[in-house]
């Protein structure tokens, strides 16, 4: 896939999660089973709510809600908020989980267009779709994940936001049961230098992204932020946590 790059990022929806439940489970004791297909969500929620049990659940929204409603296997399920809202099923939402409860996966909530690398005309055409803040947030998140050598088989979570020309990146790694974790936040300035990337150049692709019409200095700062945060977590033992998590997940 080296002949293709990702281009043009646009936020679709704030990547928050929600809980659909039969009972308000955080207030009750006893055996409570929560359905989620995400290692990352389960690990974070196990750490925050150790009395909960988690069980894998698969299928589209209809299938998952049917499993919740018609079977006794689950007390609640975790879903992305955007999906239920898009279907007009907001009435099924029992609880919104913010970043303090459950951070999201790298790039979640953003839309990217994949195009041919080095195709200047197409890149110019789709560059008008770029949302600069989203590009920079995704670059920092992807740089963080790449530096940790993470992936979908290990619980790595992020949260980014842009405020007053500052890019904030929170990143965390977890053991599968949430008992061991590292979480840190760093920030960097992304003030525009009015020097935009105008031409396609493989040397200035950043974490697989070519972002025309976005400040090159800001792009470099976003990538550096991700690398720096990755280094900080690695210095505190992130590699060991992820290695064990990957081994345990592979052994399932």
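Residue numbers (our numbering): 541 to 792.
Don't be surprised by glycine CBs; every beta carbon is placed ideally from N, CA and C.
From the DSSP secondary-structure annotation, give me the bridge partner or partners of residue 575. DSSP lists 595 and 617 as partners of residue 575.
Roughly how many angstroms separate the alpha carbons of residue 676 and residue 759, rounded to a whole number? Roughly 6 angstroms between the two C-alpha positions.
Where the beta strand (DSSP E) containing residue 766 begins and where it ends: That residue, residue 766, is in no beta strand (DSSP E); its alpha helix (DSSP H) goes 756 to 775.
Report the residue from 729, 627, 667 and 685 whose alpha carbon sits nearest the alpha carbon of residue 644. When only C-alpha atoms are compared, the closest one is 685.
Just mark residue 660 as buried or exposed, buried being the case when its beta carbon has 16 or more other beta carbons within 10 Å. Counting C-beta atoms within 10 angstroms of its own C-beta, residue 660 has fewer than 16 neighbours from the protein chains shown and is therefore classed as exposed.
Classification of residue 610 by the beta-carbon crowding that lies within 10 angstroms, buried from 16 upward: Taking all protein chains in view, the Cβ of residue 610 is surrounded by fewer than 16 other Cβ atoms within 10 Å, so the residue is classified as exposed.
DSSP bridge partner residues for residue 713 (one or two, in chain order): BP columns for residue 713 point to 696 and 722.
Can you find the residues in the same chain that come closer than 6 angstroms, C-beta to C-beta, to residue 746, ignoring five residues on each side of it along the sequence? Within the same chain, residue 746 has close Cβ partners 679, 759 and 763.
With distances taken Cα to Cα, identify the nearest neighbour of residue 787 among 695, 707, 604 and 612. The option with the nearest alpha carbon to residue 787 is 695.
Mark residue 581 as exposed unless 16 or more other C-beta atoms lie within 10 angstroms of its C-beta, in which case mark it buried. Residue 581 should be labelled buried.
Cβ neighbour criterion (16 or more within 10 Å) applied to residue 765: Around the beta carbon of residue 765, 16 or more other beta carbons lie within 10 angstroms, which makes this residue buried.
Just the C-alpha distance for residue 503 and residue 769, rounded to the nearest angstrom, thanks. Not covered by the structure: residue 503. The range shown for the chain is 541 to 792.
Check whether the segment 625 to 642 and the segment 577 to 594 touch, using three or more Cβ-Cβ pairs below 8 angstroms as the test. Yes, the segment 625 to 642 touches the segment 577 to 594.
So residue 653 is in the beta strand (DSSP E); what residue range does that whole segment cover? First-last of the beta strand (DSSP E) with residue 653: 650 to 656.
Among 683, 712 and 668, nearest to residue 776 - alpha-carbon criterion: Considering only 683, 712 and 668, the residue with the shortest C-alpha distance to residue 776 is 712.
Residues in its own chain within less than 7 angstroms of residue 718 by CB, not counting five upstream and five downstream? Excluding sequence positions up to five before and after residue 718, its CB lies within less than 7 angstroms of the CB of 583, 584, 586 and 587, all in the same chain and listed in chain order.
From which residue to which residue does the alpha helix (DSSP H) around residue 643 run? Segment: none, residue 643 is in no alpha helix (DSSP H) and carries neither H nor E.
Per DSSP, what kind of secondary structure is residue 681 in: helix, strand or coil? Helix, per DSSP.
Helix, strand or coil: which one does DSSP assign to residue 689? Shown here, residue 689 sits in coil according to DSSP, grouped into three states, outside any helix or strand.
Taking Cβ to Cβ, would you say residue 604 is nearer than 8 angstroms to residue 617? Closer than 8 angstroms, so yes.
Select from 784, 668, 608 and 704 the residue whose C-alpha is nearest the C-alpha of residue 731. Checked all of 784, 668, 608 and 704; the closest Cα to residue 731 is 704.
So what's residue 611 in DSSP terms, helix, strand or just coil? The answer is coil: DSSP assigns residue 611 none of H, G, I, E or B.
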